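Asks: From first to last, the protein sequence lines are chains L and C.
Heads up, the first sequence is in our numbering, so the first residue is 207 and it goes up one at a time.
Heads up, the second sequence is in our numbering, so the first residue is 6 and it goes up one at a time.
C-beta atoms are modelled at their ideal positions from N, C-alpha and C, and glycine is treated no differently.
On a predicted model such as this, the values are computed, not experimentally measured, just so you know.
Quick one: structure below, then a few questions.
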Amino acid sequence: MQQKTVAGPLDAANAVVQTEIEARLARHAQALAQGDVEACLQLYTADAIVRPANMEPVRGHEALREFFSRWFGAMRIHNAKYTTDELEVAGDSAYQIGRYEGEVHANGQAGAFSDRGSFSIVWKRQPDGGWKYHRGIFNSSLPPDPATSSKGRTE
Amino acid sequence: MLVLGVQESDGRYVMSVASNGTGLTTADAAALRALIAPWTAACLRQDWDSLLQMCTDDIIFMPPNAPAAQGGAVRQWLEGFPPISGMAWDIEHMEGAGDLAVLRGWVTMTLDVNGEQVRFQASDIVVSGAWAMVDAIITGTSTPRAGGVLTRTDNKALFVMRRAADGSWRIARYQFNRNVPAQRRP
């Protein structure tokens, strides 16, 4: 995928938004490595909905707090990196399509495995002018673990 | 500024007030709703030419556990999808404020391969200028047939829809995954 280029004066505005949201995702990556639940929550609107694979959608800060608490009880993500493939801003909303990668370190276990995948995020401009993650979904691009795969399933 | 209202009519929610500015207008809402019938017909016929005409040329499908499919690869993905013997959509709720609008609806599908009964629920549509985001939930219950393979479909999805040059709304990005862990088969 090529990054979307928007001609004209929107370029500068989009670049500003892209810089901000990528900085937010970079801070989120640090929080994932540190297991910092409260820092993770800073990324999201109060009524954000996140749609991880293989579980029900996670709705709102309280559910996200539990989600990240459980996550960090099991693992940390090191060197998470988010790459923007597309970003389009319209009014107080923006959508971003991109890719992620990172190292998954299971708690209490030596070694790690790499994961990479894609994500779609709808960002919402906040009253203070900043942007927060409002709706999103992400998937690993790697084949499922054979132990839990379901040959022939449909989506 | 967009102002939308919703009212119930004969047990159905309909949009009652038009936009007075940018964002979702009554015409936009009608156009988005108008995609339902031809999309359904194309799915039932496995008419991927027609279906792809409802998508942008650079359509991207982002299924789980596989690389994103773009352009021609989407057709391959569609050609691998089980035949759909039954499908229906409806819109349950629509509302908006500012340059955002939210819509909820559902679709049911019966897939021939596994005999599944699948319920689709679009929980949000956010429309902003030239694009719209559809945040969807897809749930299903297995209906095994003789010789069929038991599966459960319980998915969620996010669509980004883009207004094309001719003013029509087309699906531009589509990412989905499961709500439950994949189940091992006996």
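#1: Counting C-beta neighbours from all protein chains within 10 Å, is the total for L:Pro333 16 or more, i.e. buried, or is it exposed?
#2: In terms of DSSP beta bridges, what is L:Met281 paired with?
#3: Thinking C-alpha only, which one of L:Ala259, L:Thr225, L:Arg233 is nearest L:Pro350?
#4: Using a cut-off of 9 Å between C-beta atoms, extract the partners of C:Pro72 located in chain L.
#5: Just list the residues that DSSP pairs L:Thr290 with in beta bridges.
#6: How about C:Arg50: is its C-beta nearer than 7 Å to some C-beta of chain L?
#7: Take L:Ile343 as the anchor and find which of C:Ala170, C:Tyr179, C:Pro88, C:Ala42 has the nearest alpha-carbon.
#8: Taking L:Ser347 as part of the beta strand (DSSP E), name the residues at either end of that continuous run.
#9: Is L:Ala245 near L:Ala237, with beta carbons less than 7 Å apart?
#10: Would you call the region 265-274 of chain L and the region 295-313 of chain L touching, i.e. three or more CB-CB distances under 8 Å?
#11: On the DSSP letters alone, give me the boundaries of the alpha helix (DSSP H) that C:Gly77 sits inside.
#12: Less than 7 Å between CB atoms is the rule here; does L:Asn260 satisfy it with respect to chain C?
Replies: According to the structure data:
#1: Walking along the first sequence from the start, residue 333 of chain L turns up at place 127. Taking a 10 Å sphere around the C-beta of L:Pro333, we find fewer than 16 other C-beta atoms and assign the residue as exposed.
#2: Position 75 of the first sequence holds residue 281 of chain L. DSSP, once it has assigned bridges, lists L:Ala312 as partnering L:Met281.
#3: Reading the first sequence from its first residue, position 144 is the one you call residue 350 of chain L. In this structure, L:Ala259 is the residue among L:Ala259, L:Thr225, L:Arg233 with its C-alpha nearest to the C-alpha of L:Pro350.
#4: The count along the second sequence starts at 1 and reaches residue 72 of chain C at position 67. What C:Pro72 touches in chain L: Ser324, Ser347.
#5: The residue labelled residue 290 of chain L in the question sits at position 84 within the first sequence. According to DSSP, L:Thr290 bridges with L:Gly304.
#6: The sequence position of residue 50 of chain C within the second sequence is 45, counting from 1. Judged by the 7 Å Cβ criterion, C:Arg50 is not in contact with chain L.
#7: Residue numbering aside, residue 343 of chain L sits at position 137 when the first sequence is read from its first letter. The shortest C-alpha separation from L:Ile343 is found at C:Tyr179.
#8: Numbered from its first residue, the first sequence carries residue 347 of chain L at position 141. For L:Ser347, no beta strand (DSSP E) run applies, since DSSP gives it neither H nor E.
#9: Numbered from its first residue, the first sequence carries residue 245 of chain L at position 39. Numbered from its first residue, the first sequence carries residue 237 of chain L at position 31. Contact: yes.
#10: The region 265-274 of chain L, when compared against the region 295-313 of chain L, does not touch it at the 8 Å Cβ threshold.
#11: Indexing the second sequence from 1 puts residue 77 of chain C at position 72. 77-84 is the extent of the alpha helix (DSSP H) around C:Gly77.
#12: Along the first sequence, read from residue 1 onward, the residue named residue 260 of chain L stands at position 54. True, the Cβ-Cβ gap to chain C drops below 7 Å.
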